[in-house]
């Protein structure tokens, strides 16, 4: 029987030591918004770090109240008896630096000016996130994570962890990710950024000063993103060439898919910060574990010490199976232990979020083995 | 030896009979901007109609002056000794109704108001284009085209011709096309339209009244479109993750591909009309030869009487080979003669425009056979 972690309460954890950033900036201090599920054992060996994707946050599992109907973004895979079993593991999930869900980001007060950072928030990278997450591990007294897991940009963080802190990661689950973005991936991110920046309410990121948000541009950015998260197959199944169900709020809409995309765009622009969206897409664009090391990926991976699980989904065209296989091939060349599965799915990139029996079984088998390997620690 | 048709001069041909449109509008009169290459034989049997794609026009081959360095859009395949051999064929190429290159469209004067149509230009469909092109054939005294050829939306016109005017088409070359758009195709078009409509200079299409153009939105629309015309492979080859070559006009640009896309967007917004772009994408969305007939494609194709050539390109993901194969399968089911080739290319959807030896050989072999089959007519 699998269940829910139930009602969870996020906690804001302050870090007062300055953090020097990869691209030159510096945060004098920062907060991380964090949720945890399950119990840390006395050896502090059963911790799992969950990393979020582009528009995700710390709320990965459970509910924020008894009336809450929408669980965390990875609730299908985190909970009692689930793949990341909270009866076994202590799960740590955070909103990354630069985010807009409570962690220090463009919406936070810049202590140097007394007003929100806005567009002046320094550029952050995956490497910066890893360092901030290592401090979060220190806060909990976790010397080594039993596993670090994530999908998409979250998977990239798991990969970077295995390279940057090899002794602090026993296993990494890298799902629907890629070792770096292609020109086409960057191009889609650039269109999204341009959509935001060309909104007259953007004011070069200083929209808060004008008491507006670039809702139109941010909505458009989300529409573009959304197409890349779904597959041609899943859009075909969901909408095909059907007409919209009703005409409410649908001026000029001719097909159901148009109405759906506009709705998704509007919802998103009401809940997400435009400066954060730009910052997160930039972090994605820059991500390349071979950059800092100046050597090919197999060489970079030589220093890793963990077990790897790599999962891809057949209809994912944002980060297609062949991109995951680049990671797998590099790991094999580096002589590292890796389990790989190319999962059948019609859901495109979004498949990493969606309940699926085979995905669940393979992910859970890997995590259960991670737990058994903790062995004498228990 | 293949050559150029040389310097060509477009002609504006007036049609004074009203045209009732599929979606309910009516044009009291219209002009078509047309180019022709080669010579119509006395039997008027050697005419080839070339149909353009989304942002194409009548200028398919040759140059507009001795100083002109950029030939027509299909110059690689139209000319003496080329696939559509102008030593053999009389080629007719036009700007479609609703276009912005001289044919009657949103930029033209509405005779009922004395000012430009702008957003009041009626919706036109592929079927409307076919009818207007049939009148163009009448103008030249062409009872039957030896061939109708086009790529992308141009291929869809060739397909519709074979269905709507079976006795007036001896052969149809349908290149990089699809029998109808998928939800994903429509979604990309919708993002492009929204980019234009959300530009504050759009003024619901009445930008001319305000003496502005929605350049920012139109540029963004082109950026989205451009990504779908190229392949992941060709973008990778052309740009990869390289940095921009120089910093001119590239504020905030981090990768060469971003600079390229912005440049493409700017160029396009200077030469194309936003209302036409919206109208053309709508015509694409609506295109579905099974709509008017209310029966499956093989049944619709039963009435066709021509030879078909269908060509697709391996890395085309806008209209992938499997979409062309839907047309081929339907033709085979209908018992119609069809030659099909799935051509290797790294150029994505744009491949239909780009010189390639195998594409040229196959296209030319088909067209040469079309010419030989004219037989006694010569």
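Chains as they are written, first to last, in my numbering: chain X, 3 to 380; chain H, 3 to 380.
A virtual CB, placed ideally from N, CA and C, is assigned to each residue, including glycine.
> Count the other CB atoms within 10 Å of the CB of residue 184 of chain H; is the residue buried (16 or more) or exposed (fewer)?
Replying inline: Sequence index remark: in the second chain, residue 184 of chain H carries index 182 (1-based). Residue 184 of chain H is buried by the Cβ-count criterion.
> Does the Cβ of residue 72 of chain H have 16 or more other Cβ atoms within 10 Å, making it buried, or fewer, making it exposed?
Replying inline: Position 70 of the second chain, counted from the start, is the residue given in the question as residue 72 of chain H. The Cβ neighbour count for residue 72 of chain H, taken over all protein chains shown within 10 Å, is under 16; the residue is labelled exposed.
> Who are the neighbours of residue 260 of chain X on chain H, taking C-beta pairs under 8 Å?
Replying inline: For the purposes of this step, residue 260 of chain X is identified with residue 258 of the first chain, where counting begins at 1. 188, 189 and 192, listed in chain order.
> Is the stretch 329-339 of chain X touching the stretch 361-370 of chain X, taking contact as three or more C-beta pairs under 8 Å?
Replying inline: By the C-beta criterion, the stretch 329-339 of chain X is judged not to be in contact with the stretch 361-370 of chain X, since fewer than 3 inter-stretch pairs fall below 8 Å.
> When the cut-off is 8 Å and only beta carbons count, does residue 241 of chain X lie next to chain H?
Replying inline: Sequence index remark: in the first chain, residue 241 of chain X carries index 239 (1-based). Chain H, which has a Cβ nearer than 8 Å to the Cβ of residue 241 of chain X, makes this yes.
>> For residue 119 of chain H, tell me which candidate among H/126, H/110 and H/127 has the shortest Cα-Cα distance.
In response: Residue mapping note: residue 119 of chain H aligns to position 117 of the second chain, counting from 1. Residue H/110 is the option with its Cα nearest to residue 119 of chain H.
>> Counting only C-beta atoms, is residue 302 of chain H closer than 8 Å to chain X at any point?
In response: In the second chain, counting from the first residue as 1, residue 302 of chain H sits at position 300. No, no contact with chain X.
>> Is residue 158 of chain H close to chain X? Criterion is C-beta to C-beta, closer than 8 Å.
In response: Against the second chain, residue 158 of chain H aligns to sequence position 156. Interface annotation, residue 158 of chain H: not in contact with chain X, CB-CB separation never under 8 Å.
> Under a Cβ-count criterion, where at least 16 other Cβ atoms within 10 Å of its own Cβ denotes burial, should residue 200 of chain X be classed as buried or exposed?
Replying inline: If you number the first chain from 1, residue 200 of chain X lands on position 198. Under this definition residue 200 of chain X is a buried residue.
> Which bits of chain H does residue 256 of chain X rub up against, with CB to CB less than 7 Å?
Replying inline: Here the question's residue 256 of chain X lines up with position 254 in the first chain. Correct list: 287.
>> If we define contact as Cβ-Cβ less than 8 Å, is residue 222 of chain X a contact residue for chain H?
In response: On the first chain, position 220 is the one that residue 222 of chain X refers to. True, the Cβ-Cβ gap to chain H drops below 8 Å.
>> Alpha carbons only, please: which of H/217, H/97, H/145 and H/304 is nearest the one belonging to residue 55 of chain H?
In response: Within the second chain, the letter at position 53 stands for residue 55 of chain H. When only C-alpha atoms are compared, the closest one is H/97.
> Which same chain residues, not among the five before or five after residue 9 of chain X, have their C-beta less than 8 Å away from its C-beta?
Replying inline: The residue labelled residue 9 of chain X in the question sits at position 7 within the first chain. Same-chain partners within the cutoff: 64, 65, 66, 67, 68 and 70.
> Using a beta-carbon distance cut-off of less than 7 Å, what residues from the stretch 325-353 of chain X approach chain H?
Replying inline: Among the residues of the stretch 325-353 of chain X, none has a Cβ less than 7 Å away from any Cβ of chain H.
>> I want to verify the contact list: residues of chain H whose CB lies under 9 Å from the CB of residue 62 of chain X, in sequence order.
In response: In the first chain, the residue the question calls residue 62 of chain X occupies position 60. Simply none; closest approach about 28 Å.
>> Relative to the C-alpha of residue 129 of chain H, which candidate in H/161, H/196, H/178 and H/262 has its C-alpha closest?
In response: Locating residue 129 of chain H in the second chain gives position 127, counting from the first residue. Answer by Cα proximity: H/161.
> From residue 327 of chain H to residue 369 of chain H, what does the alpha carbon distance come to, in whole angstroms?
Replying inline: As a working note, residue 327 of chain H is residue 325 in the second chain. As a working note, residue 369 of chain H is residue 367 in the second chain. A direct Cα-to-Cα measurement between residue 327 of chain H and residue 369 of chain H gives close to 21 Å.
> Based on the DSSP output, what are the partners of residue 28 of chain X in its beta bridges?
Replying inline: Counted from its first residue, the first chain places residue 28 of chain X at position 26. DSSP output for residue 28 of chain X lists X/22 as bridge partner(s).
>> Measuring straight from C-alpha to C-alpha, what distance separates residue 153 of chain H and residue 228 of chain H?
In response: Locating residue 153 of chain H in the second chain gives position 151, counting from the first residue. Locating residue 228 of chain H in the second chain gives position 226, counting from the first residue. Across the structure, residue 153 of chain H and residue 228 of chain H are spaced so that their CA atoms are roughly 16 Å apart.
>> Quick check: the Cα distance between residue 81 of chain H and residue 310 of chain H, rounded to an integer number of angstroms?
In response: Here residue 81 of chain H refers to the residue found at position 79 of the second chain. Here residue 310 of chain H refers to the residue found at position 308 of the second chain. Here the C-alpha atom of residue 81 of chain H lies approximately 21 Å from the C-alpha atom of residue 310 of chain H.
>> I believe residue 115 of chain X touches residue 25 of chain X by the beta-carbon criterion, under 8 Å. Please report the beta-carbon distance rounded to the nearest angstrom.
In response: Taking the first chain and counting its residues from 1, one reaches residue 115 of chain X at position 113. Taking the first chain and counting its residues from 1, one reaches residue 25 of chain X at position 23. The Cβ separation is near 20 Å, so there is no contact.
> Are the stretch 208-221 of chain X and the stretch 141-156 of chain H touching by the rule of at least three beta carbon pairs closer than 8 Å?
Replying inline: Three or more Cβ pairs closer than 8 Å define a contact, and the stretch 208-221 of chain X falls short of that threshold against the stretch 141-156 of chain H.
>> Does the contact criterion of 3 or more C-beta pairs under 8 Å hold for the stretch 269-276 of chain X versus the stretch 85-96 of chain X?
In response: No, the stretch 269-276 of chain X does not touch the stretch 85-96 of chain X.
> How far does the alpha helix (DSSP H) with residue 224 of chain X in it reach, from first residue to last?
Replying inline: Position 222 of the first chain, counted from the start, is the residue given in the question as residue 224 of chain X. In this chain, the alpha helix (DSSP H) harbouring residue 224 of chain X covers 217-231.
> In this structure, what does DSSP give as the bridge partners for residue 331 of chain H?
Replying inline: Along the second chain, read from residue 1 onward, the residue named residue 331 of chain H stands at position 329. BP columns for residue 331 of chain H are empty, so no partner.
> Quick one: is residue 158 of chain X buried, meaning 16 or more other Cβ sit within 10 Å of its Cβ, or exposed?
Replying inline: One-based indexing of the first chain puts residue 158 of chain X at position 156. Classified as buried, residue 158 of chain X has 16 or more neighbouring CB atoms from the shown chains inside 10 Å of its CB.
> According to the Cβ coordinates, are residue 226 of chain X and residue 194 of chain X closer than 8 Å?
Replying inline: Locating residue 226 of chain X in the first chain gives position 224, counting from the first residue. Locating residue 194 of chain X in the first chain gives position 192, counting from the first residue. Taking 8 Å as the cut-off, the beta carbon of residue 226 of chain X is found closer than this to the beta carbon of residue 194 of chain X.
> So, using beta-carbon positions, are residue 299 of chain H and residue 267 of chain H closer together than 8 Å?
Replying inline: As a position in the second chain, residue 299 of chain H is number 297, starting the count at 1. As a position in the second chain, residue 267 of chain H is number 265, starting the count at 1. Between residue 299 of chain H and residue 267 of chain H, the CB-CB gap reaches or exceeds 8 Å.
> alpha helix (DSSP H) containing residue 263 of chain H: first to last residue?
Replying inline: As a first step, residue 263 of chain H must be located in the second chain, where it is residue number 261. That run of the alpha helix (DSSP H) goes 258-273.
> Alpha carbon to alpha carbon, what distance is there between residue 317 of chain X and residue 346 of chain H?
Replying inline: Position 344 of the second chain, counting from 1, holds the residue named residue 346 of chain H. Position 315 of the first chain, counting from 1, holds the residue named residue 317 of chain X. So the two alpha carbons sit approximately 22 Å from each other.
>> So that I know if they touch, is there some Cβ in chain H lying closer than 8 Å to that of residue 271 of chain X?
In response: Numbered from 1 along the first chain, position 269 holds the residue referred to as residue 271 of chain X. For residue 271 of chain X, not one C-beta of chain H is nearer than 8 Å to its own C-beta.
> The beta strand (DSSP E) spanning residue 300 of chain H covers which residue range?
Replying inline: Within the second chain, numbered from 1, the residue matching residue 300 of chain H stands at position 298. Per DSSP, residue 300 of chain H is not a residue of any beta strand (DSSP E); the alpha helix (DSSP H) it occupies stretches across 299-303.
> According to the neighbour-count rule (16 or more other Cβ atoms, all chains shown, within 10 Å of its Cβ), is residue 22 of chain H buried or exposed?
Replying inline: Counted from its first residue, the second chain places residue 22 of chain H at position 20. By the 16-neighbour rule on beta-carbons within 10 angstroms, residue 22 of chain H is exposed.
> Candidates X/375, X/322 and X/278: which alpha carbon is nearest residue 101 of chain X's?
Replying inline: Start at 1 with the first residue of the first chain, and residue 101 of chain X comes out as number 99. Out of X/375, X/322 and X/278, X/278 has the C-alpha closest to the C-alpha of residue 101 of chain X.
> How many Å lie between residue 151 of chain H and residue 163 of chain H at the Cα?
Replying inline: Looking up residue 151 of chain H in the second chain gives position 149. Looking up residue 163 of chain H in the second chain gives position 161. Taking the Cα positions, residue 151 of chain H is about 10 Å away from residue 163 of chain H.
> Counting only beta-carbon atoms, is residue 177 of chain X nearer than 8 Å to chain H?
Replying inline: Here the question's residue 177 of chain X lines up with position 175 in the first chain. It does not: the Cβ of residue 177 of chain X has no partner Cβ on chain H nearer than 8 Å.
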